[in-house]
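Trainee: Structure incoming, see below.
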Amino acid sequence: DQQVKQNSPSLSVQEGRISILNCDYTNSMFDYFLWYKKYPAEGPTFLISISSIKDKNEDGRFTVFLNKSAKHLSLHIVPSQPGDSAVYFCAAAYGGNKLTFGTGTQLKVEL
Amino acid sequence: GAVVSQHPSRVICKSGTSVKIECRSLDFQATTMFWYRQFPKQSLMLMATSNEGSKATYEQGVEKDKFLINHASLTLSTLTVTSAHPEDSSFYICSARPPPLPEQYFGPGTRLTVT
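As C-alpha cells, this is what we get:
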C-alpha cells in the first residue's frame, strides 16, 4: 500500500527553466510534508517542508505547494541549475512521527 | 546545524559474520533515530525507530533478532546486522530528528556488501 506516490520516475528540464515535481498521498491523517534531495550513494538532504495548515512555503529557489483537498503537493525549483540534478523524494508524516517516503523522481537539468 | 554522521561508509563482510553500523548526531541531541534501507532504484524503507533508553520499534517484516538496534545515548544509535547473508547487502541510512519539528536529517549511508 503506497501511501505516498510520485508518478513521474524522471523529469528533464533545461537550465534556467522551472522544475515541477509532483507528489500525491492517500492518507488524510498526514499533517506534515517534506522534500528531500538525494545523490547516489549518499543520504537524503532535507530541502523544504510544509505543515498542513499552510498551502505554500518558500525558501530561496524552492517553493512547496500543498493542495489538501486533492491530496497533492508539488515542489517548484526556479531557476533550475545543473547541480539540482538528483533524485527528489517527497515524504509525509503525522503527529511528528515516522516519515513515509514516495518512490522518488530523477531530475535532470540540462545545459 | 543538524549534522548526522555514519560509520563506516562502506563495509564488506563474509556471510555468517556480524557488522555494526554507528549513527551519531553531531550538533544536537536526538531521543529518536531512524534506520532505513534502500535497494537500487527504490525508495527508502524504514526498518526501525530507535528510542534512547528503550527498545527499538521495528517495522512489519523486519527481523528484530537479525537487525539489533541500540540507542545508548542521545547522540548515538547502532545497528548490528547479525549472521549476515548476501541478501542483506544493501545501502543502510540512519536519520535523526532534532525536536520539536518532524524534519529528519540523514547520515551519509553505509554500503554493506556480504560475500
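Quick note, the sequences are listed as chains V and W, same order.
Position 98 (the first sequence) corresponds to 584 in our numbering; numbering is contiguous.
Position 3 (the second sequence) corresponds to 29 in our numbering; numbering is contiguous.
For every residue, glycine included, the Cβ atom is placed at its ideal position computed from N, Cα and C.
All figures in this text were calculated on a predicted structure; none of them were measured in a lab.
(1) Taking 7 angstroms as the limit between beta carbons, can you name the residues of its chain near residue 502 (chain V), skipping five residues before and five after?
(2) The beta strand (DSSP E) with residue 508 (chain V) in it runs from where to where?
(3) Between the region 27-38 of chain W and the region 535-552 of chain V, can you find at least three pairs of beta-carbon atoms closer than 8 angstroms?
(4) Determine which residues of the region 98-130 of chain W have a Cβ less than 9 angstroms from any Cβ of chain V, and write them out in chain order.
(5) Quick one: residues in its chain with C-beta nearer than 6 angstroms to the C-beta of residue 525 (chain V), no 5 flanking neighbours on either side, listed in chain order?
(6) Would you verify that the beta carbon of residue 585 (chain V) is, or is not, closer than 8 angstroms to some beta carbon of chain W?
(7) So with Cβ pairs under 8 angstroms, would you call residue 532 (chain V) a contact of chain W?
(8) Going by other Cβ atoms of all chains shown within 10 Å of its Cβ, with 16 needed for buried, is residue 504 (chain V) buried or exposed?
(9) Does the count of Cβ pairs from the region 507-517 of chain V and the region 88-98 of chain W closer than 8 angstroms reach three?
Mentor: The relevant details are as follows:
(1) 565 and 566
(2) 505-511
(3) no
(4) 117, 119, 120, 121, 123, 125, 126, 127, 128, 129 and 130
(5) Hits under 6 angstroms: 572.
(6) yes
(7) yes
(8) exposed
(9) Contact fails between the region 507-517 of chain V and the region 88-98 of chain W, because fewer than three Cβ pairs, one in each stretch, are under 8 angstroms apart.
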